[in-house]
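Enquirer: In our numbering, the protein residues as written are 538 to 832. Yeah, the Cβ is synthetic: ideal placement off N, Cα and C, and Gly gets one too. Small disclaimer: the values here were computed from a predicted structure and weren't measured.
(1) Check residue 700 in the structure and name its three-state DSSP category.
(2) List the endpoints of the continuous alpha helix (DSSP H) containing residue 743.
(3) Please determine, among 563, 767, 816, 604, the residue with the shortest C-alpha to C-alpha distance to residue 702.
(4) Based on Cα-Cα distance, which residue from 661, 718, 796 lies nearest to residue 788?
(5) Beta carbon of residue 648, beta carbon of residue 594: below 7 Å?
(6) Thinking C-beta only, is residue 661 closer than 7 Å to residue 687?
(7) Just to confirm, are residue 810 and residue 576 a CB contact at a threshold of 7 Å?
(8) Could you give the DSSP three-state label for residue 786: helix, strand or coil?
(9) Does the ligand ADP have a heavy atom nearer than 6 Å to the CB of residue 636?
(10) What are the complete alpha helix (DSSP H) segments, minimum 4 residues, inside the region 577 to 601?
(11) Can you grab the Cα-Cα spacing for the pair residue 757 / residue 745, in whole Å?
(12) Count the other CB atoms, across all protein chains shown, that sit within 10 Å of the CB of residue 823; report buried if there are 16 or more and exposed otherwise.
(13) Does the distance from the CB of residue 614 to the CB of residue 679 come in under 7 Å?
(14) Going by DSSP, what residues sit across from residue 486 in a beta bridge?
(15) Below 6 Å CB to CB, which residues in the same chain sit around residue 697 once its five sequence neighbours on both sides are set aside?
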């Protein structure tokens, strides 16, 4: 399995001459991540007034603040490469940029939120650790900052899920089990289609923007997160994911045609996300014009 690009690429700062593919790749990576950080946070905002207790509400608010900060950090990288922040949202509204599959859903219960966050945050950490080895240095630095804060979010989600599995009712524990089985599959999708056999043809790998294959990141994540859930008392169904004698994790991948329909705003929360962004832009248009000195 291809795990890293060992081609010895040099790193690039914003002001350095660099291949067009590196500049365009960095622009695209940063823009897409900014969108998903800033719109994806709505998953958690929906629960801010429903969190069970002041302490949990404070912790959730801190996560929301961090996620918005992450969005601004990578949006600044995109902005330096010529992508205005407003364009990031316009590209989303006009269908040129897509949300990741996981953000087309909402959490239905508090137990699902904790379980989903634990799976999502752990996967994001593995993904950011990989991409931070890429050759565009401003983006790599932003990712390292984001990754450190994601570690806090991971601990928050772990504590939340542990609390439910330790002190919750049988019904609550079953909700965690059900959420694990649903969101595990969603995160397998989030980490991208299988590409071990085709990575060498991926231009982003060739120029050093994508250091690892999707499959390698997925294996790293499963090695990390499956023991965590087992320790929490969650059953891991071998029909869902199992470890082969070789140590490799085996799992069923989805019909990617269905995934394509989902990310083309075909999910249960897709329209709500679009409406929120569109309304926010419309509502604040006059203030943005005033800030920019535009009549």
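Expert: If we stick to the structure as given:
(1) Stepping through the chain shown from its first residue, residue 700 is reached at position 163. Residue 700: helix per DSSP, three-state reduction.
(2) The sequence position of residue 743 within the chain shown is 206, counting from 1. Run containing residue 743: 740 to 743, per the alpha helix (DSSP H) assignment.
(3) One-based indexing of the chain shown puts residue 702 at position 165. Here the closest residue by C-alpha is 767.
(4) Taking the chain shown and counting its residues from 1, one reaches residue 788 at position 251. Out of 661, 718, 796, 718 has the C-alpha closest to the C-alpha of residue 788.
(5) Taking the first residue of the chain shown as 1, we reach residue 648 at position 111. Taking the first residue of the chain shown as 1, we reach residue 594 at position 57. The answer is no: Cβ separation not under 7 Å.
(6) Counted from its first residue, the chain shown places residue 687 at position 150. Counted from its first residue, the chain shown places residue 661 at position 124. Against a cut-off of 7 Å, the Cβ pair of residue 661 and residue 687 comes out as a contact.
(7) Counted from its first residue, the chain shown places residue 810 at position 273. Counted from its first residue, the chain shown places residue 576 at position 39. Against a cut-off of 7 Å, the Cβ pair of residue 576 and residue 810 comes out as a contact.
(8) To locate residue 786, count along the chain shown from 1; it is residue 249. Three-state DSSP puts residue 786 in a strand.
(9) Only the bare structure without any ligand can be found here, which leaves the ligand ADP out of the picture.
(10) 579 to 582
(11) Counted from its first residue, the chain shown places residue 757 at position 220. Counted from its first residue, the chain shown places residue 745 at position 208. Distance between the alpha carbons of residue 757 and residue 745: 20 Å.
(12) Here residue 823 is taken as the residue at index 286 of the chain shown, counted from 1. The residue in question, residue 823, is exposed, as its Cβ has fewer than 16 Cβ neighbours within 10 Å.
(13) If you number the chain shown from 1, residue 614 lands on position 77. If you number the chain shown from 1, residue 679 lands on position 142. Taking 7 Å as the Cβ cut-off, residue 614 and residue 679 qualify as a contacting pair.
(14) This structure leaves residue 486 out entirely; the chain is present only between 538 and 832.
(15) Along the chain shown, read from residue 1 onward, the residue named residue 697 stands at position 160. Excluding positions up to five away in sequence, the list reads 651.
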